[in-house]
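Here's the structure we're looking at; comments come further down.
Protein chains: 2
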Amino acid sequence: MLIKIDFSSDEAIYQQLCNQIILGIATATLEEGDPLPSVRQMADEIGINMHTVNKAYTILKQEGFVKVDRRRGAIVSVDVDTLRARAQLEKDLRKLLAQARCRNMSRQDLHRMVDDIYDDYELVCGTGHEV
Amino acid sequence: MLIKIDFSSDEAIYQQLCNQIILGIATATLEEGDPLPSVRQMADEIGINMHTVNKAYTILKQEGFVKVDRRRGAIVSVDVDTLRARAQLEKDLRKLLAQARCRNMSRQDLHRMVDDIYDDYELVCGTGHEV
DNA sequence: CATCTGTTATATCATTCATATAACAGCACC
DNA sequence: GGTGCTGTTATATGAATGATATAACAGATG
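One line per chain: the protein sequences are A and C, in this order.
With the numbering used here applied, the first sequence corresponds to residues 1 to 131, in that order.
With the numbering used here applied, the second sequence corresponds to residues 1 to 131, in that order.
So this is what it looks like as structure tokens:
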């Protein structure tokens with residue numbers, strides 16, 4: 001898994017890290033049961049502090065994307081049926097759609113955008129589980 | 001326009017203010033040409049500092065939701081064809097859809113969610129410009 | 001001239017982000 | 001049993017951000 005951090009971004013490093021791991025899971029680059037590099041190893045690889053990685057892992061754990069085994073480290077384990085996640089997702093989508101409506105984007109525009117991005121993600125997957 | 005700030009939220013006050021004004025425009029509670037309260041008046045109304053309101057207005061101006069007239073204050077004026085806005089919107093949607101895919105949500109699930117929220121926004125509008 | 005507007009300049013305080021050093025407990029391997 | 005790897009916790013520091021406060025300025029309105 002290749003991680004790329006933009007240090008000049010206004011987005012926090014731990015947040016970028018979370019997003020890229022979630023993206024990895026979404027595109028099946030990371031699959032159920034796959035181990036993540038240890039906090040120290042990941043920190044070395046991308047040149048950041050151990051605690052920043054640890055913060056990202058802790059959040060991923062809380063949000064149900066990984067489980068942490070004390071001896072083996074962080075392992076991809078997605079909690080699919082988390083209601084909190086879906087509720088938060090809808091809240092975020094509401095903010096996004098408010099902006100979209102201000103820009104005169106129609107439902108169809110949004111549907112198309114969703115499809116395009118899903119196509120994109122499934123392309124990376126190579127095979128399987130198109131929905 | 002009724003503004004409600006959650007002071008215990010982790011979301012910044014100026015950010016909440018921006019979001020609610022954008023939501024107001026999306027639901028036609030605020031329409032093209034409508035004036036926003038002056039920075040001092042708005043600050044008094046919701047019990048926050050003038051500079052926090054000013055920060056929100058400045059961002060709304062930069063992102064093309066209002067224009068600021070020195071003598072009349074901030075006025076709703078939406079820049080519909082801003083490419084930057086659409087690009088940023090797609091970036092945000094990508095992050096959101098990555099999470100959605102991890103939760104096993106299908107394209108149809110997302111389409112339905114978009115439609116529901118749009119229904120909701122158009123309900124508030126009362127009439128006109130359904131898309 | 002008084003009063004409203006946005007805007008700018010400082011300053012202060014709390015919180016967050018990222019860093020650093022250090023230590024601890026659990027497990028695996030030799 | 002010691003070495004080396006995990007995550008985890010504690011504490012500290014420096015930079016940046018968020019929100020506040022006081023103050024002033026330029027432009028427009030009455």
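By construction, the Cβ of each residue, glycine as well, lies at the ideal position given by its N, Cα and C atoms.
message: Taking a contact to mean a Cβ-Cβ separation below 8 Å, would you say isoleucine 75 of chain C touches aspartate 44 of chain C in this structure?
response: The count along the second sequence starts at 1 and reaches residue 75 of chain C at position 75. The count along the second sequence starts at 1 and reaches residue 44 of chain C at position 44. Cβ atoms of isoleucine 75 of chain C and aspartate 44 of chain C: not closer than 8 Å.
query: So arginine 107 of chain C packs on aspartate 10 of chain A, CB below 8 Å; how close in whole Å?
result: The residue given as residue 107 of chain C occupies position 107 in the second sequence. The residue given as residue 10 of chain A occupies position 10 in the first sequence. Contact flag wrong, Cβ pair sits at about 31 Å.
- prompt: Which residues in chain A sit within 9 Å of aspartate 34 of chain C, going by Cβ to Cβ distance?
  reply: The residue you call residue 34 of chain C lines up with position 34 of the second sequence. None at all; the shortest Cβ gap to chain A is about 13 Å.
message: Just to confirm, is the Cβ distance from tyrosine 121 of chain C to threonine 27 of chain C under 8 Å?
response: Taking the first residue of the second sequence as position 1, residue 121 of chain C is located at position 121. Taking the first residue of the second sequence as position 1, residue 27 of chain C is located at position 27. Against a cut-off of 8 Å, the Cβ pair of threonine 27 of chain C and tyrosine 121 of chain C comes out as a contact.
message: Below 8 Å on the Cβ atoms is my contact criterion, and I expect threonine 52 of chain A with isoleucine 13 of chain A to pass it. Report the Cβ-Cβ distance as a whole number of Å.
response: As a position in the first sequence, residue 52 of chain A is number 52, starting the count at 1. As a position in the first sequence, residue 13 of chain A is number 13, starting the count at 1. About 5 Å separates the two Cβ atoms, so the contact holds.
- prompt: Within the 8 Å Cβ cut-off, does glutamine 99 of chain C reach chain A?
  reply: If you number the second sequence from 1, residue 99 of chain C lands on position 99. Closer than 8 Å to some Cβ of chain A, the Cβ of glutamine 99 of chain C qualifies, so yes.
task: Measuring only between beta-carbons, confirm whether glutamate 90 of chain A sits less than 8 Å from chain C.
output: Within the first sequence, numbered from 1, the residue matching residue 90 of chain A stands at position 90. So, interface residue.
- request: Note down the Cα distance separating isoleucine 3 of chain A from threonine 29 of chain C, rounded to an integer number of angstroms.
  value: Taking the first residue of the first sequence as position 1, residue 3 of chain A is located at position 3. Taking the first residue of the second sequence as position 1, residue 29 of chain C is located at position 29. Using only the alpha carbons, I get a separation of about 43 Å.
query: Quick one: what does DSSP say glycine 24 of chain A is sitting in, helix, strand or coil?
result: Working through the first sequence from its first residue, we reach residue 24 of chain A at position 24. The answer is helix: DSSP assigns glycine 24 of chain A an H, G or I state.
field: Secondary structure of alanine 155 of chain C, DSSP reduced to three states
entry: In the structure as shown, chain C begins at 1 and stops at 131. Residue 155 of chain C is therefore absent and cannot be evaluated.
- prompt: Does the Cβ-Cβ distance between valine 68 of chain C and glutamate 32 of chain C come in under 8 Å?
  reply: As a first step, residue 68 of chain C is located in the second sequence; it is residue number 68 there, counting from the start. As a first step, residue 32 of chain C is located in the second sequence; it is residue number 32 there, counting from the start. Contact flag unset, no.
- request: Please decide whether histidine 111 of chain A counts as near chain C, where near means a Cβ-Cβ distance under 8 Å.
  value: For this step, residue 111 of chain A is matched to residue 111 along the first sequence. Chain C contact via Cβ: present.
message: Suppose you measure from the CA of tyrosine 57 of chain A to the CA of valine 124 of chain A; what does that come to, to the nearest Å?
response: In the first sequence, counting from the first residue as 1, residue 57 of chain A sits at position 57. In the first sequence, counting from the first residue as 1, residue 124 of chain A sits at position 124. Cα to Cα, tyrosine 57 of chain A sits roughly 24 Å from valine 124 of chain A.
query: According to DSSP, is isoleucine 75 of chain A helix, strand or coil?
result: Mapped onto the first sequence, residue 75 of chain A falls at position 75. Reduced to three states, the DSSP call for isoleucine 75 of chain A is strand.
field: asparagine 53 of chain A, DSSP secondary structure in three states
entry: Numbered from its first residue, the first sequence carries residue 53 of chain A at position 53. Note that residue 53 of chain A is valine in the sequence shown, not asparagine. DSSP places valine 53 of chain A in helix when its eight states are reduced to three.
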